[in-house]
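Asks: Mind looking over this structure? Questions follow.
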Amino acid sequence: MKKMFIMLLSFVAFFNSCAQKKSEASKTKTKELMGKTIYDYKVDALEEGKTINFADFKGKKILIVNTASECGFTPQYKDLEQISKEYGDKLVVVGFPANNFGGQEPGSNVEIGAFCEKNYGVTFPLAAKVSVKGDDMAPIFKFLTEKDLNGVKDSKILWNFTKFLVDENGKLIDSFKSDVKPTDEALTKYLN
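When you line the sequence shown up against this note's numbering, it's residues 145 to 336, in that order.
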């Protein structure tokens, strides 16, 4: 009986030790993920062979927007260009063309670039076309939409022109739905 009791105590101690190690590993992993900032990301630029390195934007706020050329919100490109110029000393706008909603971004990177320049005079950085939801979601959008990664909030991208504002230290401030224009006070209050 005494032998069985000792074995049982040993088993309980072993189980508790394993559970504690697993919990510590989980906490360490969560801290590592939450320690990430936007500066840990590099993405392909719309212009072939170029890269957008978010670490280059340290010290400025960053507005990240999933864009589309054939959407009812497409005229927001004009507003994005406006705030890019107006707040250029403290803000970088980065557009991410995506074809996830209604097939509203069917073009190639070259076609998207030509469209944005011709119709809206876009001069802010544009990333290569990505996916912003689903199994093939770009890692940067996982960071922006998952609280476990960004440390601030979970967000869902429900349509084109969802916006994510990041502070000067690479941390998410907030996200804004498609119908919030880039020039709306709800967003610009963080820029003034």
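Yeah, the Cβ is synthetic: ideal placement off N, Cα and C, and Gly gets one too.
Since this is a predicted model, take the numbers as computed values, not measurements.
Is the distance from the Cβ of N294 to the Cβ of N210 below 9 Å?
Replies: Not a contact, by the Cβ cut-off of 9 Å.
Asks: Within 10 angstroms of its Cβ, does L302 collect 16 or more other Cβ (buried), or is it exposed?
Replies: The residue is exposed, with fewer than 16 neighbouring Cβ atoms inside 10 Å.
Asks: Would you grab the beta carbon distance between G247 and L190 for me? Rounded to a whole angstrom, and I think it's under 8 Å.
Replies: Not really, about 19 Å apart at Cβ, beyond 8 Å.
Asks: By the three-class DSSP mapping on this structure, what secondary structure does L293 have?
Replies: Helix, per DSSP.
Asks: Taking the runs of the beta strand (DSSP E) that are 3 residues or longer, which of them lie wholly in the stretch 230 to 299?
Replies: 235 to 241, all fully within the stretch 230 to 299.
Asks: Using CA atoms only, rank isn't needed, just tell me which of D184, D323, D188 is closest to P241.
Replies: The option with the nearest alpha carbon to P241 is D188.
Asks: Does the Cβ of S252 have 16 or more other Cβ atoms within 10 Å, making it buried, or fewer, making it exposed?
Replies: Looking at its Cβ environment, which holds fewer than 16 other Cβ atoms inside 10 Å, S252 is exposed.
Asks: Since L335 is in the alpha helix (DSSP H), which residue starts that stretch and which ends it?
Replies: Per DSSP, L335 belongs to no alpha helix (DSSP H) and is neither H nor E.
Asks: Leaving out the 5 sequence neighbours to the left and right, which residues in its chain are closer than 6 Å to K333 when beta-carbon positions are compared?
Replies: Nothing listed; no residue qualifies.
Asks: Just verifying my parser: in three-state terms, what is the DSSP assignment at A189?
Replies: Strand at A189.
Asks: Going by the DSSP bridge assignment, what does F201 pair with across the sheet?
Replies: Note: F201 sits in no beta bridge, so no partner.
Asks: So, do the stretch 206 to 224 and the stretch 253 to 273 have three or more beta carbon pairs nearer to each other than 8 Å?
Replies: Output reads yes: the stretch 253 to 273 touches the stretch 206 to 224.
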